[in-house]
Amino acid sequence: MSAYDDLLKALPRAEFAFPGPVRDELVAAVLSGAKTSATGLYEDYARSGDPLPVVGQRSAVIDSGGRPVAVVETTEVRVVPLAEIDLAHAIDEGEGYETVAHWRATHERFWGGEAMREALGEPGIAITDDTLVVAERFRLVPPSTDELLDIVDEHDRVIGQARRGEATARGLRHRCVFILVRDSEGRIFVHRRTPVKLVFPSLYDMFVGGVVGAGETYDDAALREAEEELGVSGLPQPAPLFSFLYEGSGKAAGHTWWSRVYEVRCELPVSPQAEEVAWHTFLTDDELAARLPEWDWVPDGLEAFRRLTERRP
Numbered sequence: 005m006s007a008y009d010d011l012l013k014a015l016p017r018a019e020f021a022f023p024g025p026v027r028d029e030l031v032a033a034v035l036s037g038a039k040t041s042a043t044g045l046y047e048d049y050a051r052s053g054d055p056l057p058v059v060g061q062r063s064a065v066i067d068s069g070g071r072p073v074a075v076v077e078t079t080e081v082r083v084v085p086l087a088e089i090d091l092a093h094a095i096d097e098g099e100g101y102e103t104v105a106h107w108r109a110t111h112e113r114f115w116g117g118e119a120m121r122e123a124l125g126e127p128g129i130a131i132t133d134d135t136l137v138v139a140e141r142f143r144l145v146p147p148s149t150d151e152l153l154d155i156v157d158e159h160d161r162v163i164g165q166a167r168r169g170e171a172t173a174r175g176l177r178h179r180c181v182f183i184l185v186r187d188s189e190g191r192i193f194v195h196r197r198t199p200v201k202l203v204f205p206s207l208y209d210m211f212v213g214g215v216v217g218a219g220e221t222y223d224d225a226a227l228r229e230a231e232e233e234l235g236v237s238g239l240p241q242p243a244p245l246f247s248f249l250y251e252g253s254g255k256a257a258g259h260t261w262w263s264r265v266y267e268v269r270c271e272l273p274v275s276p277q278a279e280e281v282a283w284h285t286f287l288t289d290d291e292l293a294a295r296l297p298e299w300d301w302v303p304d305g306l307e308a309f310r311r312l313t314e315r316r317p
């Protein structure tokens, strides 16, 4: 478990709406960076006894399954009458509002809905221009860069250790695993990375995987990363295929790592890790081949896939 996972469990909870489709949409908007503001009834805080957010406070965003999936940091808190909410705040809620009137109508329906009435413990409260609301702004906090990695030479021999952030910033060679995942129909798991990823944010990838921790074996890292990123437990041990030294160029210049490529069949229902995966699907080999020139792919994944393709008849 990484330091970021420990942080997620230790922080106070940030819960948007109630579990279900609306929360799923709001959490996705937070993870994509589209949602950077939120508004709650001051009355809700007063009756529940929950403290108001404060600037600098960090909270763990909770999904509909009750899992912490991201960290946000509060950057502004205002307690104001509802009539003072402006268009900029409404737009930054990331739900497609184009007018304050649209934003207000949607929020009034939510605040007057059955779930909110039940949460407040009474039929509800009258919403007027003077109703106090808590208008909060926040930013998405990237995963921790404190993970300790083995630093290796051009022959994959350990020559030292460094924190992940330092290794990335200084271009220190470390180790990574790439796992090609096929479902029961033989289709390949493809996803788009979240915008908070330390390396290659928001690009498409045909592998799951990540860095190998200090003292960790490639095989252990492959199973750990695959299960974490797919959101499954009990996955078969990925089969190692080959290794190669990746040395980035162009927009990937300065990135270098020893890479071991694996393959595994996943017949379990996947629930991809929200802080890692912004979108996913399964594609046939032909569908993937058709999208290679169309989508913006991670350069190391493309290199690994090219080498994998060349090795097969």
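Each residue of the sequence shown is one higher than the one before, counting from 5 in my numbering. We put the beta carbon where it would ideally sit given N, CA and C, even for glycine.
Taking a C-beta distance under 8 angstroms as the contact criterion, Leu239 and Leu272 qualify as a contact pair. Note: Arg143 is bridge-paired with Glu77 in the DSSP secondary-structure output. Taking C-alpha positions only, Arg174 is separated from Gly258 by approximately 8 angstroms. Take the alpha-carbon of Thr103 and the one of Leu86: they are about 14 angstroms apart. Taking a contact to require three or more Cβ pairs closer than 8 angstroms, the stretch 31-38 and the stretch 273-289 qualify as touching.
Within the model, the alpha-carbon separation for Val73 versus Val26 is close to 16 angstroms. Nearest Cα to Phe248 within the set Val145, Glu122, Glu29, Arg177: Arg177.
According to the DSSP secondary-structure assignment, Ser41 is paired through a beta bridge with Arg141.
Counted as a single uninterrupted DSSP element, the alpha helix (DSSP H) harbouring Phe309 occupies residues 303-315.
In the DSSP secondary-structure assignment, Pro244 is bridged to Tyr266. The three-state reading of DSSP puts Phe114 in helix, counting H, G and I together. In the three-state reduction of the DSSP assignment, Ile95 falls in the helix class.
Gly217 is bridged by DSSP to Leu153. Here Thr135 is not near Gly98, since their CB atoms are 8 angstroms or more apart.
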